[in-house]
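Q: Pasting a structure here, questions to come.
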Amino acid sequence: MRIADEWMDMKDEALLEDLLAKISNNSTKRSVIEKMGSEVYDNSITFSQLAILLDKFSYELSLKDKKILQRNENILAKGYLKQRLPKEIKLLKLGIHNNPNLVGRKDLGIVDELLNWLEALVEHLLHQSPPPDIAQRIEPFIEYLNQKAGIYFDDEDVKNNFLVTNKELYRSAELALNFFNKKEYFYFVLTYIETIALFLKMVTLLGSMFVEDIFLSIYVDPITLLPNRFQLIKDVESLDNLIILIVNIKGFTKINLLHGYDIGDILLKKVAAFLKLQTAVKSYRIYGDEFAVLVRSEEEAKTVFKNLNSSIFVTITGIEYQIYFYGAYDNFKKLSLEACELVLVNSHKKELISTDEVKILVEKYRHELTMVHKLKEIMISDRIIPYYQPIYRCGELNKVIKYEVLMRVEYRGDILQPKDFLSALLQAPFYTEFTKTMLYKAFETFKDMECNFSINLTTTDIKDKTVKLFLETLIVKYPHTAKRLTIEILETEALSEFELINKFISYFKKSGIKFALDDFGSGFSNFAQIAKLDIDFIKIDASIIQNITHDTKMQQLLEAILPFAQSMNVETIAEYVHNKETFEYLNGKVSMMQGYFIGKPEPTLLSEDSPFV
């Protein structure tokens, strides 16, 4: 990105370019980033300049790189602090004691007391000494003000300004300590700067002067002039019975990369101007293309969102584009901002997500996060259990000739179903280890039998080189067993990754492995594309089969699938055969059937006394 700007000296360009490259790199050492934080201070780059630079830089990053940036920002801030803090109090003392115009000499006693308190705070931050009492100066300061005399201090507004500033100073210090103890150094620096600004305001008030711009700017976004994320964090404590609406601009990163940051800034200002005209309680720019709006009701949140999606236009190279948004809203409370952000990052729904949906999705993500830890424990202790569901051959054989091998896991005595763990497992970095375990156990079960068996693979499995190598090893060890294996692939994945799947099928067909297209008919089936796949079976989706005995539309759809499969010389397997009526209706129409009427998934194969064996 272009570093030289109206607020940034050219002499800093090389340093800042190097900083941006390293701070967004996951492999950069902590010591290197801390050192750069020191260099930022030594080069007289203000932290507000740095914050603006990092904010603009974040526009072009992916979500993954933004997380790396956010983590490394804290390390950078820590290095900045180590360089700044030791010099801070010394400079403040020199500035105050050597400038008689700043405060009257008779007031230096209370200023020195403030300086000593601030010095104790810095000592705690640098050397972990006991922190100063945050509240120790509020009551004595009130007594001090009550003893003051004269026209200036007889003004209740002036006296109230002192009292309010005094409370704000210690609240700010308390918040700074909280951020420091949580090692959130980036936020700490901002709060610490506010504490210093409030301290200077106290000094200035004692000299009847005001320096409000310093601390107010901490809470204002420099581009849009809206309150920022930090102000929102403060407002959670004082505002209630409101709804928070979070909105993001669709395709904002592309706009920045294709047309430049100046166009991006124009767009951000347009959004801010629109939000200021709404009847909302308050609006904020959080970061990047994210805005927050406080409203009084869910209906108002929907109205603001709807109006926003029909009101923002930006002209680029003479062409006017309409800008669209996606968002989420929730009750305004602690962590509601984070909840909405979590949902927007992880949800594929790029529209408006309601309060109820936010709660459900947050709970889902919390469950998945917990489940990943359980799954790692399950993997280490080898509690991945294959279950077997029988597949019945229609026609002359009229018996079970095949089993689908399905995954179950055992955790502390309970058998978990796929609905409990599968979504979390698919996101886990060790997911393919579960696949390899299932492949191994399936081969071990069927190696000495004549029965056929099938197992499901995802595109993640197919892309993974270790899964391919593991399957090749099993084929070499059990070549005859491999010829009885069918690999099932979801229809939706086969169509979305057509070239990959086709290549995989062609490669393993040479070893005698067969392939089935699973959940066929669950989406908009592309018959022409599917015909190009060298598959052996089509598994007709449950959505077609479950009401087939009385749903004429599903019957017509089945009648369309059957001749298509026959023309391709592909056998059909009906899933979800759950009762006798469905079994009798399909018997003779499809090649095979699978469902609870024939047999549920069990940890053992069907016994000899089963009517279907």
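Those letters in the sequence shown? Residues 698 to 1310, by my numbering.
Yeah, the Cβ is synthetic: ideal placement off N, Cα and C, and Gly gets one too.
Which term fits N771, buried or exposed, when burial requires 16 or more other beta carbons within 10 angstroms of its beta carbon?
A: Counting from one through the sequence shown, the residue named residue 771 turns up at place 74. With 16 or more other Cβ atoms within 10 Å, it is buried.
Q: Any idea what DSSP makes of V1042, helix, strand or coil?
A: Residue 1042 sits at position 345 when you count from the first residue of the sequence shown. It is helical.
Q: Going along the chain, which residues of its own chain have a beta-carbon closer than 6 Å to the beta-carbon of Y1137, five neighbours each way excluded?
A: Within the sequence shown, the letter at position 440 stands for residue 1137. For Y1137, where only same-chain residues beyond five positions count, there are no Cβ hits under 6 Å.
Q: Check N1153 in the structure and name its three-state DSSP category.
A: For the purposes of this step, residue 1153 is taken as the residue at position 456 of the sequence shown. Reduced to three states, the DSSP call for N1153 is strand.
Q: Identify, in the order they occur along the chain, each residue of the same chain with its Cβ nearer than 8 Å to the Cβ of G1296, setting aside the five sequence neighbours on each side.
A: Walking along the sequence shown from the start, residue 1296 turns up at place 599. Contacts found: Q1086, P1087, V1097, L1303, S1307, F1309.
Q: Look at the alpha carbon of F666 and the alpha carbon of D1233, and state the distance between them as a whole number of angstroms.
A: Any property of residue 666 remains undetermined from this structure, which presents the chain solely from 698 to 1310.
Q: Are the segment 927-936 and the segment 975-987 touching, with three or more C-beta to C-beta distances below 8 Å?
A: Contact between the segment 927-936 and the segment 975-987 is present, because at least three Cβ pairs lie under 8 Å.
Q: Can you say whether R768 is buried or exposed, counting buried as having 16 or more other CB atoms within 10 angstroms of its CB?
A: For this step, residue 768 is matched to residue 71 along the sequence shown. Its Cβ having fewer than 16 others within 10 Å, R768 is exposed.
Q: Would E1074 count as contacting chain D if we go by Cβ distances under 8 Å?
A: Here there is only one protein chain, and chain D is not present.
Q: Going by DSSP, name the residue or residues bridged to V1011.
A: Counted from its first residue, the sequence shown places residue 1011 at position 314. Paired residues: Y1018.
Q: Measuring only the C-alpha atoms, how far is L789 from L812?
A: Taking the first residue of the sequence shown as position 1, residue 789 is located at position 92. Taking the first residue of the sequence shown as position 1, residue 812 is located at position 115. C-alpha separation (whole angstroms): 8 Å.
Q: Name the DSSP beta bridge partners of I1355, please?
A: The structure shown does not extend to residue 1355, since the chain spans only 698 to 1310, so no value can be given for it.
Q: If you run the structure through DSSP and keep just helix, strand and coil, what is D1079?
A: On the sequence shown, position 382 is the one that residue 1079 refers to. If DSSP states are grouped into helix, strand and coil, D1079 belongs with coil.
Q: Short check: CB of F1118 to CB of V1106, under 8 Å?
A: As a working mapping, residue 1118 is identified with position 421 in the sequence shown. As a working mapping, residue 1106 is identified with position 409 in the sequence shown. Against a cut-off of 8 Å, the Cβ pair of V1106 and F1118 comes out as a contact.
Q: Alpha carbon to alpha carbon, how far is L1192 from D1111?
A: Here residue 1192 refers to the residue found at position 495 of the sequence shown. Here residue 1111 refers to the residue found at position 414 of the sequence shown. Answer to the nearest angstrom: the Cα atoms are 36 Å apart.
Q: Taking its Cβ as the centre, do 16 or more other Cβ atoms sit within 10 Å of L965, making it buried, or is it exposed?
A: Taking the first residue of the sequence shown as position 1, residue 965 is located at position 268. Buried.
Q: Hey, how far is the Cα of A711 from the Cα of S741?
A: Your numbering for residue 711 matches position 14 in the sequence shown. Your numbering for residue 741 matches position 44 in the sequence shown. Approximately 15 Å, taken between the alpha carbons.
Q: List the DSSP bridge partners of I1284.
A: As a working note, residue 1284 is residue 587 in the sequence shown. Ile is not the amino acid found at residue 1284; the sequence shown has Asn there. Beta-bridge pairing links N1284 to V1287.
Q: Determine, using beta-carbon pairs with one atom in the segment 1176-1188 and one in the segment 1123-1131, whether at least three such pairs fall under 8 Å.
A: Contact between the segment 1176-1188 and the segment 1123-1131 is absent, because fewer than three Cβ pairs lie under 8 Å.
Q: Going by the beta-carbon positions, is the gap between I943 and A1025 smaller than 8 Å?
A: By 1-based counting over the sequence shown, the position of residue 943 is 246. By 1-based counting over the sequence shown, the position of residue 1025 is 328. Going by C-beta atoms, I943 is nearer than 8 Å to A1025.
Q: Can you give me the C-alpha to C-alpha distance between Q1114 and E757, rounded to a whole angstrom?
A: Here residue 1114 corresponds to residue number 417 of the sequence shown, with the count starting at 1. Here residue 757 corresponds to residue number 60 of the sequence shown, with the count starting at 1. About 41 Å.
Q: Under DSSP, the beta strand (DSSP E) around V1164 begins and ends at which residues?
A: One-based indexing of the sequence shown puts residue 1164 at position 467. Looking at the DSSP string, V1164 is not in any beta strand (DSSP E); the run it does join, the alpha helix (DSSP H), is 1162-1174.
Q: Just to confirm before moving on: does the CB-CB distance between F675 and L1041 stay below 8 Å?
A: The question about residue 675 has no answer here: the residues shown for the chain are numbered 698 through 1310.
Q: For Y889, does the count of other Cβ atoms within 10 angstroms reach 16, so buried, or fall short, so exposed?
A: As a working note, residue 889 is residue 192 in the sequence shown. Buried, since its Cβ has 16 or more Cβ neighbours within 10 Å.
Q: Going by alpha carbons, who is nearest to N863 out of E995, F896, S755?
A: The count along the sequence shown starts at 1 and reaches residue 863 at position 166. Measuring from the Cα of N863, the nearest candidate turns out to be F896.
Q: According to DSSP, F988 sits in a beta bridge with which residue or residues?
A: Residue numbering aside, residue 988 sits at position 291 when the sequence shown is read from its first letter. Note: F988 sits in a beta bridge opposite V944, R982.
Q: Do you know how far the Cα of Q746 is from the Cα of K753?
A: Looking up residue 753 in the sequence shown gives position 56. Looking up residue 746 in the sequence shown gives position 49. One C-alpha to the other measures close to 11 Å.
Q: What does a CB cutoff of less than 7 Å around G776 pick up in its chain, not counting 5 residues either side in sequence?
A: As a working mapping, residue 776 is identified with position 79 in the sequence shown. Hits under 7 Å: I730, E731, K732, M733, G734, S735.
Q: To the nearest angstrom, how far is it from the Cα of Y1030 to the Cα of D739?
A: As a first step, residue 1030 must be located in the sequence shown, where it is residue number 333. As a first step, residue 739 must be located in the sequence shown, where it is residue number 42. Contrary to the premise, residue 1030 reads as Lys rather than Tyr in this sequence. For K1030 and D739, the distance between alpha carbons rounds to 40 Å.
Q: Output needed for Q1124: all residues of its chain with C-beta closer than 6 Å, excluding positions within five of it in sequence on either side, in chain order.
A: Start at 1 with the first residue of the sequence shown, and residue 1124 comes out as number 427. For Q1124, where only same-chain residues beyond five positions count, there are no Cβ hits under 6 Å.
Q: If we call anything under 8 Å between Cβ atoms a contact, is E1196 one with A1239?
A: Working through the sequence shown from its first residue, we reach residue 1196 at position 499. Working through the sequence shown from its first residue, we reach residue 1239 at position 542. The answer is no: Cβ separation not under 8 Å.
Q: Measuring CA to CA, which of M1290, P1260, V933 is closest to K1236?
A: Taking the sequence shown and counting its residues from 1, the one referred to as residue 1236 is at position 539. Answer by Cα proximity: M1290.
Q: Using a Cβ-Cβ cut-off of 6 Å (strictly less than) and excluding sequence neighbours within five positions of L717, which residues of its own chain qualify?
A: Looking up residue 717 in the sequence shown gives position 20. Contacts found: F754.
Q: For the ligand NAP, is there a heavy atom less than 7 Å away from the beta-carbon of L778?
A: The ligand NAP is absent from the structure shown, which contains no ligands of any kind.
Q: Across which residues does DSSP place N925 in a beta bridge pair?
A: Sequence index remark: in the sequence shown, residue 925 carries index 228 (1-based). Its beta-bridge partners are R982.
Q: Assuming T1183 and N1153 are in contact, meaning their beta carbons sit under 8 Å apart, how far apart are those beta carbons, in whole angstroms?
A: As a position in the sequence shown, residue 1183 is number 486, starting the count at 1. As a position in the sequence shown, residue 1153 is number 456, starting the count at 1. Not a contact, Cβ separation roughly 10 Å.
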